[in-house]
Amino acid sequence: MSKIRTVGFLGGMSYHSTIPYYDKINNHVQLRLGTPYTASLILRSFNYAGISSLFSNEKWDDIASMFISAGRDMKTSGAESLVIGCNIGHKVATELESSVGLPVLHIADAMGATLERQNITKVGLLGTKPVMKENYIKDRLQSAAGLSEIVVPSPEDWDRLNNIVFTELAAGPASAETTAWMNSVVEALQAKGAEAVVLACTDFQSVIKQESFTIPIIDTLEEHAKYIAEWSIAESTH
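One point on numbering: in the numbering used here, the residue at position 179 of the sequence shown is 262, and numbering is uninterrupted.
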């Protein structure tokens, strides 16, 4: 029987993205190994009312404490790696990894491998305000993919994007107005010379669709899920 390594998944950020993560990870394991194989996952799903408030107010110490506590519990339960099921939470990935003593399967490493395979050197990055403002995703992505440049939306758009993530998308589907505005933001990134746009928020896949654009739209959730699945079956395929 093939060995499947166990992954501890920090989810619920939001549950709308955790559900497709679970589906896509298991689908990829089955694609690679066949049925009846599935992923071995331990899920800690946070109450979004609490965690989203910490994210929007950038309470990183509190977030790190919650992640570390959950990570230690999952390690005790048999997790061999940890996953943060959102981009913004990777602000504390290094602290989580060192405090728990398990590798964090980093979302930027997953995206970097994809961009490198596609020979993309200049990308647009669309995410929450901290992801666009700070360098914890951008620097790692740039290093992993060998990018020449990362472009982000205009700073005056950042607060609106945050509000969309933490209020509208948390409640369900985006309105037609929001979809049209977000599409215009992607078009502005293309106008800045982006060869592709990375959806650096795992809730954006429900709003921004490839068929609306002529450049590649690369979803971090999709690529991260494949990366997690490949890590979990690595010892089965060698």
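Just so it is clear, CB atoms sit at the ideal spot from N, CA and C, and this is done for glycine as well.
Taking C-alpha atoms, which residue in the options lies nearest to residue i?
i	options	result
PHE150	GLY161, ALA271, GLY168, ASN140	GLY168
GLY133	ILE298, ILE146, THR121, PRO256	ILE146
LYS309	LEU126, ASP106, ALA271	ASP106
ILE291	SER181, HIS307, LEU252, THR159	LEU252
By Cβ distance below 8 Å, which residues in the same chain neighbour residue i in space, the five residues on each side in sequence not counted?
i	result
ARG88	SER123, GLU163, SER164, TRP314, SER315, ILE316, ALA317, GLU318
GLU141	PRO213
LEU179	ALA147, PHE150, ILE151, GLY154, LEU165, ILE167, VAL187
ILE298	GLN273, ALA277, GLU278, ALA279, VAL280
Using the Cα positions of residue i and residue j, report the straight-line distance between them to the nearest angstrom.
i	j	result
ALA153	ALA274	42 Å
MET265	LEU282	11 Å
ILE233	LYS221	7 Å
TYR98	SER128	8 Å
PRO256	SER289	7 Å
ILE108	LEU304	10 Å
LEU116	ILE301	25 Å
LEU185	HIS111	23 Å
TYR219	ILE171	9 Å
Classify residue i as buried or exposed, calling it buried when 16 or more other Cβ atoms lie within 10 Å of its own Cβ.
i	result
GLY392	This structure does not reach residue 392, given that the chain is present from 84 up to 321, and the question cannot be answered.
PRO238	exposed
GLU260	exposed
THR101	buried
ALA254	exposed
Cβ of residue i within 9 Å of Cβ of residue j?
i	j	result
LEU244	ALA191	no
ASP240	VAL269	no
THR262	TYR104	no
LEU198	ALA228	yes
Excluding the five sequence neighbours on either side, which residues of its own chain have a C-beta within less than 6 Å of the C-beta of residue i, listed in chain order?
i	result
SER135	PHE249
ALA271	none
Only counting the same chain, and skipping five residues up and downstream in sequence, which positions put a Cβ closer than 7 Å to that of residue i?
i	result
PHE322	Coverage of the chain is limited to positions 84 through 321, which leaves residue 322 absent and any answer about it impossible.
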